[in-house]
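Down below is the structure, laid out as structure tokens.
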Amino acid sequence: MTASRSRALRTVGLTVMVVTVLVAGIGMLSGTAAGETPAPDCTGVSYDGGDGTADSPYEVTNVSQLQCSGANHSDASSLSDALGSNYTLVSDIDANDTSSWNGGDGFDPIGNSSDKFAGTFDGDGYNITGLRIANGSANDVGLFGVVGSAGSIENVGLEDANVTGNGNVGGLV
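For the sequence shown, our numbering assigns the number 173 to the last residue and increments by one with no breaks.
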């Protein structure tokens, strides 16, 4: 009877240890994932209004749409089309989630030396708050990385931005 009781206690003890390890592991995983927000998949992002023309610019209402202004989003036929389109902010944008995007590098600047932003971006007096870019090895780092001669950025404010890079670093451009 003592041997069977001892075996039962060992089984219960082992079960308690396994459950404890599983619960602790799940807690660690959820703690890591809870603070992270993935960067948007721009192929699935569309705009709430507008068609990208000068008379009807794409209406940017959130940080995902802002990020995808420099990418081949679902409303554009190509990357070149997206970078040459017209955009307007229709509200303030909370960009605090960008700090965990792209493996911690943050927001991916709109336009680069190969694919310059050639459209218009009118902030319409609205602000982008909490933009984060932390890519110490990159050049051309800011909300806009490189703007071509046909590109235009106006009437937009940045608040509480934290932008780091290697060269040609700024908040807006």
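Note that CB positions come from ideal geometry on N, CA and C, so glycine has one too.
Which residue marks the beginning of the alpha helix (DSSP H) containing residue i, and which one marks its end?
i          : result
leucine 66 : 63 to 67
Please say whether residue j and residue i have beta carbons closer to each other than 7 Å?
i            : j              : result
serine 137   : asparagine 166 : yes
threonine 88 : aspartate 122  : yes
valine 141   : proline 109    : yes
alanine 71   : alanine 118    : no
Start and end of the beta strand (DSSP E) containing residue i?
i           : result
alanine 82  : It is not in any beta strand (DSSP E) - alanine 82 instead sits in the alpha helix (DSSP H) that spans 79 to 83.
glycine 86  : Going by the sequence as given, residue 86 is asparagine instead of glycine. Start and end: 86 to 89.
alanine 134 : 132 to 134
leucine 158 : 157 to 159
tyrosine 58 : 58 to 60
Using CA coordinates, which residue listed in the options is at the minimum distance from residue i?
i              : options                           : result
alanine 95     : Ser64, Gly84 and Leu83            : Ser64
glycine 170    : Ile133, Glu154 and Ala150         : Ile133
proline 40     : Gly151, Phe144, Asp97 and Asp124  : Asp97
isoleucine 153 : Glu159, Asp160, Ala161 and Leu143 : Leu143
lysine 116     : Val146, Tyr126 and Asp105         : Val146
isoleucine 93  : Thr120, Cys68 and Tyr126          : Tyr126
valine 76      : Asp105, Leu66, Thr61 and Ser46    : Note on identity: in this sequence residue 76 is alanine, with valine being the wrong assignment. Of the candidates Asp105, Leu66, Thr61 and Ser46, the one whose C-alpha sits nearest the C-alpha of alanine 76 is Ser46.
Let me see if you follow: with CB-CB separation under 7 Å, is residue i close to chain B or not?
i          : result
serine 149 : The structure shown contains no chain B; it is built from a single protein chain.
Thinking residue i and residue j are a contact (beta carbons under 8 Å), I'd like their distance in whole angstroms, please.
i              : j              : result
glutamate 36   : serine 100     : 4 Å
asparagine 139 : asparagine 168 : 5 Å
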